[in-house]
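Q: If you scroll down you'll find the structure; I have some questions about it.
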Amino acid sequence: MTARMQRSGRAGVAIFATLLLGACAIGGRGASPARDRSVADARARVVRDSVRAVLQRAVADGAFPGAYAAVGTANGIIAEVGVGRLDSADRHRPNARTVWDLASLTKVVGTTSAVMLLVQEGKIELDAPVVRYLPEWTSPGTAAITIRHLLTHSAGLPAWRPFYKEATSAIDARAKLFATAPDTLPGARFLYSDLGFILLGLVVERVSGAPLSEFDTLRVFRPLGMRDIRYLPPSAWKSRIAPTEQDPWRQRHLRGEVHDENAAMLGGVSGHAGLFASGNDLVRFARMYLNNGVVDGHRVFDSTSIARFTKVQDTTLSRRALGWETPTGGNSAGRQFSPMAFGHTGFTGTSLWMDPRQGIFVLLLTNRVNPTRQNLKIGAVRIGLADAVSKAWAAGQ
């Protein structure tokens, strides 16, 4: 089956190229609207077939129970595909309304968005010390750490700490966070750190005077028309939430509860994890970025802020932008996205990449941790999807 799907994908690209050449050759006096639509439809079919082939191979290989993927531009979706099922006990196929635990996509969709808006409004300074906003963080070495350091994972902080095992409550977990000191000087290394983004979430709350969940909802999500995104999803959503892991810590199968244990200990709302969202909402979010801050007439961010936050900051340390990853040639962007691209992944099997040069986004939502996080096949799927989409898209240029 795998070989047949691969042949089908290659044939689809070849068919599209033939259709495109034929459409361009007809008449010779410029394309008609009908011909433009025909070429666009052919391109969409090839992209959709390429996406479906990658995802069906992944389901057959056991990479995840189910997935939803969407590819589009600033104007809307070009192709979307749902494959597999939500769970071994729930045979429903994922679709655009399925709600997923975003895991670390929370860092960019929720926390980075909030920080970017507060920077845009002059309420947070990127190069201000974090202790200006969180003076209770008095551990040795913290005074020199800036907001920019946290956003680029260069603060010198440890990657992680098991607060869910060490703490007895959310208050106790925050106290242990403030007692955590950097183990290297800020700006000396890159180390992806959940701790830095937990702190950023607290900075947002301190500066705005509102809980992170409330600030994101009122200032970012609602203005952008995002309706199926929130921390602590209501029980009414449960039937369309993709189940995640049979969790060894909580001793139950998680569905509608945040998968990340530290986020759970912090009450389900944190700067590093906790958001749940549908494909519909994340498509709107991606379209907004590709349209310089506007989606369907709604603006939250200005184009200067978007350019600033998606630009690589210090190549001597990493290819990180502010909050966002950029292509490295070996990460989930694959090998075809341009250097202008930016994106992020989530531990549960989610990812979102946008490439302004190609003018496209690629969204992948899965529950690859169902039934266990030991399933590590998602990395190859992300790369394969990004490369397949780029190849199919380029065939129509």
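Under this note's numbering, the first residue of the sequence shown carries the number 2, and numbering increases by one thereafter. Built from N, CA and C at the ideal position, the CB exists for glycine as well.
Using a Cβ-Cβ cut-off of 6 Å (strictly less than) and excluding sequence neighbours within five positions of residue 288, which residues of its own chain qualify?
A: Taken in chain order, the residues that qualify are 75, 296.
Q: Determine the extent of the beta strand (DSSP E) in which residue 100 is found, giving its start and end residues.
A: Where residue 100 is concerned, the enclosing beta strand (DSSP E) stretches over 100-102.
Q: With distance defined between alpha-carbon atoms, name the residue in 220, 360, 329, 122 nearest to residue 345.
A: Considering only alpha carbons, the answer is 329.
Q: To the nearest angstrom, how far is the alpha carbon of residue 168 from that of residue 187?
A: Taking the straight line from one Cα to the other gives about 27 Å.
Q: Look at the Cβ atom of residue 355, then the Cβ atom of residue 291, and state whether they are nearer than 8 Å.
A: A contact, by the Cβ cut-off of 8 Å.
Q: Please go through the same chain and pick out, in chain order, the residues whose beta-carbon is closer than 7 Å to the beta-carbon of residue 15, but skip the five residues on each side of it.
A: Because the pLDDT of residue 15 is 46, which lies under 50, any placement of that residue in the model is unreliable, and the number read from its coordinates should be weighed accordingly. Contacts found: none.
Q: Quick check: the segment 154-172 against the segment 255-269, are at least 3 beta-carbon pairs closer than 8 Å?
A: Segments in contact, yes.
Q: Please report the Cβ distance between residue 64 and residue 382, rounded to the nearest whole angstrom; I am assuming they are in contact, meaning their Cβ atoms lie under 8 Å.
A: With 8 Å as the limit, residue 64 and residue 382 qualify as a contact, their Cβ atoms being about 5 Å apart.
Q: Alpha carbons only, please: which of 148, 182, 102, 229 is nearest the one belonging to residue 204?
A: It is 148.
Q: In the DSSP assignment, what are the bridge partners of residue 367?
A: Note: residue 367 sits in a beta bridge opposite 68.
Q: Considering only DSSP beta bridges, list what residue 193 is partnered with.
A: In DSSP, residue 193 forms no bridge with anything.
Q: Drop a sphere of 10 angstroms on the beta-carbon of residue 61, count the other beta-carbons inside from all chains shown, and report buried for 16 or more, exposed for fewer.
A: Its Cβ having fewer than 16 others within 10 Å, residue 61 is exposed.
Q: Near residue 367, what residues of its chain come up, given a Cβ to Cβ distance below 6 Å and the 5 sequence neighbours on each side ignored?
A: So the list reads 65, 68, 350, once near-sequence residues are dropped.
Q: How is residue 130 classed by DSSP in three states: helix, strand or coil?
A: In this structure, residue 130 counts as strand in the three-state DSSP scheme.
Q: Which term fits residue 316, buried or exposed, when burial requires 16 or more other beta carbons within 10 angstroms of its beta carbon?
A: Answer is exposed; the Cβ neighbour count stays below 16.
Q: Would you call the CB atoms of residue 220 and residue 118 closer than 8 Å?
A: Yes, Cβ-Cβ distance for residue 220 and residue 118 is below 8 Å.
Q: Would you call the segment 229-242 and the segment 276-287 touching, i.e. three or more CB-CB distances under 8 Å?
A: Flag = yes, the segment 229-242 and the segment 276-287 touch.
Q: Does the segment 245-258 come within contact of the segment 190-206, defined as at least 3 CB pairs closer than 8 Å?
A: Segments in contact, no.
Q: Restricting to runs no shorter than 4 residues, where is the alpha helix (DSSP H) found entirely within the segment 226-279?
A: Runs found: 262-266.
Q: First and last residue of the alpha helix (DSSP H) that includes residue 305?
A: Segment 304-310, the alpha helix (DSSP H) holding residue 305.
Q: Which residue or residues does DSSP assign as beta-bridge partners of residue 326?
A: 344, per the DSSP bridge assignment.
Q: So what does residue 356 bridge to, in DSSP terms?
A: Residue 356 is bridged to 361.
Q: Given a cut-off of 8 Å on the beta-carbon distance, is the pair residue 195 and residue 161 in contact?
A: Cβ distance < 8 Å, so residue 195 and residue 161 count as in contact.
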